[in-house]
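Protein chains in written order, with this note's numbering: chain A, 1 to 116; chain B, 117 to 230. Backbone N, C-alpha and C fix where the C-beta goes; we use that ideal spot for every residue, glycine too.
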Amino acid sequence: AQSVTQLDSQVPVFEEAPVELRCNYSSSVSVYLFWYVQYPNQGLQLLLKYLSGSTLVESINGFEAEFNKSQTSFHLRKPSVHISDTAEYFCAVTPPIKAAGNKLTFGGGTRVLVKP
Amino acid sequence: DSGVTQTPKHLITATGQRVTLRCSPRSGDLSVYWYQQSLDQGLQFLIQYYNGEERAKGNILERFSAQQFPDLHSELNLSSLELGDSALYFCASSARTGGNGELFFGEGSRLTVL
Numbered sequence: 001a002q003s004v005t006q007l008d009s010q011v012p013v014f015e016e017a018p019v020e021l022r023c024n025y026s027s028s029v030s031v032y033l034f035w036y037v038q039y040p041n042q043g044l045q046l047l048l049k050y051l052s053g054s055t056l057v058e059s060i061n062g063f064e065a066e067f068n069k070s071q072t073s074f075h076l077r078k079p080s081v082h083i084s085d086t087a088e089y090f091c092a093v094t095p096p097i098k099a100a101g102n103k104l105t106f107g108g109g110t111r112v113l114v115k116p
Numbered sequence: 117d118s119g120v121t122q123t124p125k126h127l128i129t130a131t132g133q134r135v136t137l138r139c140s141p142r143s144g145d146l147s148v149y150w151y152q153q154s155l156d157q158g159l160q161f162l163i164q165y166y167n168g169e170e171r172a173k174g175n176i177l178e179r180f181s182a183q184q185f186p187d188l189h190s191e192l193n194l195s196s197l198e199l200g201d202s203a204l205y206f207c208a209s210s211a212r213t214g215g216n217g218e219l220f221f222g223e224g225s226r227l228t229v230l
């Protein structure tokens with residue numbers, strides 16, 4: 001079984017400041033890692049994912065996350081946030097893919113509030 | 117737009133009642149997942165169906181049931197509703213071969229039990 005811990009439930013940050021959202025996971029097998037974002041009154045959208053290869057992955061809107069196997073972490077960062085980044089961010093894991101697909105195990109979420 | 121459609125978007129009902137939530141997965145996706153999102157429990161996996169068959173079960177109450185039909189749409193039935201069942205219920209689907217693990221989520225059905 002897998003579990004995911006997001007250490008911060010809320011992160012207030014000023015516009016144009018950097019932000020880091022912490023995610024640690026626990027698993028007895030290798031996992032794929034994801035960050036999803038949920039904007040107010042919307043569903044979850046994939047932000048970025050780590051499957052294999054380079055441990056640093058980037059999204060199209062300036063977020064990046066680094067997979068650290070020894071620390072079992074997958075922290076999300078953005079060097080300069082915008083008001084539009086106000087949302088809830090979820091870290092998720094899944095074990096190696098089965099043909100029928102796998103459920104994602106989510107962390108508790110981190111609510112980011114960007115202030116002007 | 118993820119391609120996953122959920123209806124209704126909002127539902128208000130009373131304790132003891134029964135409701136049905138509907139989900140249409142992305143075209144071609146065989147797997148459907150149901151999640152419950154509440155303030156105290158976060159995002160909890162309920163159940164997964166693959167091509168009409170139950171594939172995995174999570175923290176789904178016995179009062180809840182689901183099924184996936186031959187046209188691949190899925191329904192989540194919630195009965196004997198309690199106040200604590202008030203939550204946002206998400207449906208998600210994944211690619212035919214499991215893809216790269218990514219799930220595509222609908223916009224959710226918000227259930228309020230009064």
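Distance from the CA of E178 (chain B) to the CA of V13 (chain A), rounded to the nearest whole angstrom, comes to 42 Å. Interface residue (Cβ-Cβ distance to chain B less than 8 Å): Y39 (chain A) is not classified as such. In this structure F185 (chain B) is exposed. Its beta-carbon is surrounded by fewer than 16 other beta-carbon atoms within 10 angstroms.
By the C-beta density criterion, T105 (chain A) is buried, having at least 16 other C-beta atoms within 10 angstroms.
Scanning its chain for C-beta atoms nearer than 7 Å, with the 5 sequence neighbours on each side dropped, one finds around S196 (chain B) the residues G132, R179, in chain order.
Chain B has a Cβ within less than 8 Å of the Cβ of L104 (chain A). In the structure shown, the three-state DSSP call for I163 (chain B) is strand. Separation of the CB atoms of K49 (chain A) and N216 (chain B) is rounded to 7 Å, and the pair is thereby assigned contact status at 8 Å. The stretch 173–221 of chain B contains no complete alpha helix (DSSP H) run of 4 or more residues. Non-local beta-carbon contacts of S181 (chain B) in its own chain, meaning distances under 7 Å to residues more than five positions away in sequence, involve N193 in chain order. In the three-state DSSP reduction, I60 (chain A) falls in the coil class, being neither helix nor strand. Taking a C-beta distance under 8 Å as the contact criterion, A203 (chain B) and Q153 (chain B) qualify as a contact pair.
Under the Cβ criterion of 8 Å, G144 (chain B) is not counted among the residues facing chain A.
Note on Q10 (chain A): under 16 other CB atoms within 10 angstroms of its CB, so exposed under the neighbour-count rule.
With fewer than 16 neighbouring CB atoms inside 10 Å of its own CB, V29 (chain A) falls in the exposed class.
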